[in-house]
Amino acid sequence: MVINNVIILIRMDTICYEAYKNLYINLTNRCSADCIFCIRNFADGVHGYDLRLSKEPSAEEVIEALEIQDFSKYKEIVFTGLGEPTLRFDVVLAVTRWLKIRNIRVRLDTNGQAALINPEKNVILELKNAGIDSISVSLNAESEEKYNKLCRPINKNAYGAVLDFIKEARKAGISTRVTVVNVSEIDLEKCKKLADELDSEFHIRALSEAASKEI
Ligand code: SF4
1 MVINNVIILI RMDTICYEAY KNLYINLTNR CSADCIFCIR NFADGVHGYD LRLSKEPSAE
61 EVIEALEIQD FSKYKEIVFT GLGEPTLRFD VVLAVTRWLK IRNIRVRLDT NGQAALINPE
121 KNVILELKNA GIDSISVSLN AESEEKYNKL CRPINKNAYG AVLDFIKEAR KAGISTRVTV
181 VNVSEIDLEK CKKLADELDS EFHIRALSEA ASKEI
């Protein structure tokens, strides 16, 4: 914008961005945890995108951003954020419904604390009814003690809630994946065993992929 020969640069929020042949939706910069390896502590975004939001987008604004996309370019649409998307649970549901009407595959990347964040809701049932195809949960620890040390959740009982969230999702027939960041403090073998017990895929992320920026 030019006013009186002065150029004013207006920074637009990044609501959608491409990576790994997926389209990611950036819903929030807030989180119910404070992981020691979270990318929010080191950078403004990932893949060259500035993901800091001046304002969290409404469902209508997300849909407006999606309407101009060519979905044939993407494997799936992924709720993520430089933060925890289930803090915007109603937006996740509304946008998922919009996408599923268009027969588009939808994944939720989450810290798995949705039931704690939204205690008044049956979160798995609502995600299932909205049509979510898969859920990727950042577990990042083989024990509650380790989880509290590395992920520093607001709610100190979060680890059990995360495990329950994965179990409930599987029970509801939603495809689940458990992810861990590849840092020396985490016992990858034990986490893999836990993922098997939870009937979930297992994925190890490089440290730079932390904060839900997954493949
Ligand atoms: S890594 Fe994910 S769960 Fe951990 S603080 Fe960052 S956004 Fe939250």
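For what it's worth, the working numbering labels the leading residue of the sequence shown as 1, then goes sequentially.
Note that CB positions come from ideal geometry on N, CA and C, so glycine has one too.
In this structure, Phe42 has its beta carbon at no less than 8 Å from each heavy atom of the ligand SF4.
Per DSSP, the unbroken beta strand (DSSP E) holding Tyr17 starts and ends at Cys16 to Ala19. Taking all protein chains shown into account, Arg11 has fewer than 16 neighbouring C-beta atoms within 10 Å of its C-beta and is therefore exposed. Taking each of Ala195, Thr28 and Cys151 in turn and checking the Cα distance to Val183, the smallest one comes out for Cys151. Spatial neighbours of Leu53 in its own chain (CB-CB distance under 6 Å, excluding positions within 5 residues in sequence) are listed in chain order as Asp13 and Asn29. Ile186 and Val178 do not touch by the CB rule: their CB atoms are close to 12 Å apart, not below 8 Å. When distances are taken from the beta-carbon of Ala169 to the heavy atoms of the ligand SF4, even the shortest one reaches 8 Å or more. Taking 8 Å as the cut-off, one finds no heavy atom of the ligand SF4 near enough to the beta carbon of Cys191. A Cβ-Cβ distance of about 17 Å is found for the pair Val46 and Ile36, leaving them out of contact under the 8 Å criterion. When DSSP reads this structure, Tyr49 sits in a beta bridge with Val46. In this structure Lys190 does not touch Phe202 by the C-beta definition: roughly 11 Å separates them, more than the 8 Å allowed.
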